[in-house]
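K.L.:
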Amino acid sequence: MKRRLCLAAALLCSSLAWAWPSDSVYQLKAILTDQQGQSLALDAAQGHPVLVSMFYTSCEFVCPMLVEAARATEASLSEAERRELRVIFVSFDPARDSVAVLAAKARERGVDGTRWHLARTDPASVRKIAALLKFQYRALPNGDFNHSGELILLDGEGRVAARTSMLAGVDERLLARLKTMLKPAQ
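Per mature numbering (1 follows the signal peptide of the UniProt record, and there is no 0): the sequence shown = residues -19 to -1, 1 to 167.
#1: Could you round the C-beta distance between Pro75 and Val43 to whole angstroms and report it? I think they count as a contact, below 8 Å.
#2: Quick check on the burial criterion: 16 or more other C-beta atoms within 10 angstroms. Buried or exposed for Ser59?
#3: Can you have a look at Thr54 and say buried or exposed, based on whether 16 or more other CB atoms are within 10 angstroms of its CB?
#4: For Cys(-14), does the count of other Cβ atoms within 10 angstroms reach 16, so buried, or fall short, so exposed?
#5: Bridge partners for Ser144 per DSSP, in chain order?
#6: With a threshold of 16 other CB atoms inside 10 Å of the CB of Gly150, please say whether the residue is buried or exposed.
#7: How many Å lie between His98 and Ala56 at the Cα?
#8: Taking all protein chains shown into account, do 16 or more other C-beta atoms lie within 10 angstroms of the C-beta of Ala50, making it buried, or fewer, making it exposed?
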């Protein structure tokens, strides 16, 4: 009996060791589909710092600025640091942002498809991701969206490490935090 209890306790402890921190967005088991039609779990970038945001491809103002802010941040890194960084933009308009539309936007913006994912998921997961990231959006009658514009830095365990609403240039505080997370990569 004692042996069974010890075995059960060991199994329980080992399963807890793999649990995400309580403040990790990786706890959500959402499946994304990126611009290449590849499925990936929200936690696919575990172990890497991630710049994440939410967007929709027909946005003409804030969303392109978010992509450019992520690109500018990435450009501020060394090649070794860039190899470690992941970038995920999740569409909050999955009804219109098909894989083909995401692929066209990725080509238009010139993003690196090996580390950048312009992704879509089901509407329920979109709402959950937005809630976890504290990202606000609301559909407007004309088909556009009113939404926040933030670039969010996640650590390797999916916890929010920094966030910025600065859309022009590079937020030096976010970049400094990112570089601290990337130190082993240098």
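For every residue, glycine included, the Cβ atom is placed at its ideal position computed from N, Cα and C.
P.N.:
In short, the structure shows the following:
#1: As a first step, residue 75 must be located in the sequence shown, where it is residue number 94. As a first step, residue 43 must be located in the sequence shown, where it is residue number 62. Actually they do not touch by this definition, with Cβ atoms about 18 Å apart.
#2: Counted from its first residue, the sequence shown places residue 59 at position 78. By the 10 Å Cβ count, Ser59 comes out exposed.
#3: Reading the sequence shown from its first residue, position 73 is the one you call residue 54. Thr54 is buried by the Cβ-count criterion.
#4: Position 6 of the sequence shown, counting from 1, holds the residue named residue -14. Low local confidence applies: a pLDDT of 44 at Cys(-14) is under 50, so the model's placement there is unreliable, with the coordinate-based value given in what follows. Result: exposed.
#5: Within the sequence shown, residue 144 is the residue found at index 163, counting from 1. As written in the sequence, residue 144 is Arg, which differs from the Ser given in the question. Arg144 pairs with Ile133.
#6: Here residue 150 refers to the residue found at position 169 when the sequence shown is read from its first residue. Exposed is the call here.
#7: If you number the sequence shown from 1, residue 98 lands on position 117. If you number the sequence shown from 1, residue 56 lands on position 75. When rounded, the distance between both Cα atoms is 17 Å.
#8: For the purposes of this step, residue 50 is taken as the residue at position 69 of the sequence shown. So Ala50 counts as buried.
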